[in-house]
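Here is the structure we will look at.
Residue numbers (this note's numbering): 92 to 306.
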């Protein structure tokens, strides 16, 4: 699970990435890391796709909780719709590349013989929580999935907790950009299911020792 910052306002979102770099370089980075781990003896891999960053308050098109400027982006442009749309385009495109590239590298190119790979759909999990937060979070005090708990001014000098930190399990977001502690707990629980081979958010691919290929 790497590279989320590469989509943000200091990289692809504002066309500030390293010259010549494209979304394919983001997914390729994952497999380059796998090459090094595989060379060291690793044979089981868990990959995460990119979360729906267009839902985070930093990038959201939300008149109440989509922020016009944040401590992470003090000079943010005013067109929140354009920001959210471009972020959605980037993340969904990268996730599609990763989905097909994983199948190709494991089953066709046989890049890592005898390796077992799970691809965890973090994008879908967080989208499901956003669509129905009451199923996952304590919604006794909140009504919007885009609420976040820790608020700071643009300078990052004056900060305060919503509800004095009395309901930390109610929030999807810790601040404008980062998931809350409760969200991390939910993700960890689902990852445990992935490792047991039981998660509906995961796809599994293997290049078996006897030449059999499974997906």
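We put the CB at the ideal spot given by N, CA and C, even for glycine.
Residue i versus residue j - alpha carbon distance
| i | j | result |
| --- | --- | --- |
| residue 265 | residue 188 | 29 angstroms |
| residue 136 | residue 179 | 26 angstroms |
| residue 217 | residue 243 | 24 angstroms |
| residue 133 | residue 240 | 39 angstroms |
| residue 251 | residue 169 | 24 angstroms |
| residue 272 | residue 258 | 11 angstroms |
| residue 296 | residue 176 | 32 angstroms |
| residue 197 | residue 129 | 13 angstroms |
| residue 93 | residue 105 | 19 angstroms |
| residue 210 | residue 235 | 29 angstroms |
| residue 300 | residue 204 | Interpretation of residue 300 is limited by its pLDDT of 48, a score under 50 that renders its predicted location unreliable; the figure taken from the coordinates is listed afterwards. The alpha-carbon atoms of residue 300 and residue 204 are separated by roughly 7 angstroms. |
| residue 174 | residue 233 | 25 angstroms |
| residue 275 | residue 114 | 26 angstroms |
| residue 224 | residue 110 | 39 angstroms |
| residue 226 | residue 245 | 33 angstroms |
| residue 219 | residue 230 | 15 angstroms |
Residue range of the unbroken alpha helix (DSSP H) whose run includes residue i
| i | result |
| --- | --- |
| residue 116 | 114-130 |
| residue 218 | 213-222 |
| residue 275 | 272-286 |
Closer than 6 angstroms: residue i CB and nearest the ligand MG heavy atom
| i | result |
| --- | --- |
| residue 142 | Ligands are entirely absent from the displayed structure, and the ligand MG is therefore not among its contents. |
Residue i classed as buried or exposed, judged by whether at least 16 other C-beta atoms fall within 10 angstroms
| i | result |
| --- | --- |
| residue 101 | exposed |
| residue 172 | exposed |
| residue 261 | buried |
| residue 195 | exposed |
| residue 279 | exposed |
| residue 268 | buried |
| residue 249 | exposed |
| residue 99 | buried |
Boundaries (first-last residue) of the beta strand (DSSP E) holding residue i
| i | result |
| --- | --- |
| residue 252 | 250-252 |
| residue 184 | Looking at the DSSP string, residue 184 is not in any beta strand (DSSP E); the run it does join, the alpha helix (DSSP H), is 171-194. |
| residue 138 | 135-139 |
| residue 293 | 293-298 |
| residue 242 | 241-243 |
Bridge partners - residue i, DSSP secondary structure assignment
| i | result |
| --- | --- |
| residue 98 | DSSP, once it has assigned bridges, lists no residue as partnering residue 98. |
| residue 210 | 138, 294 |
Any contact between the segment 138-149 and the segment 182-196? By contact I mean 3 or more CB pairs, one from each, below 8 angstroms.
yes
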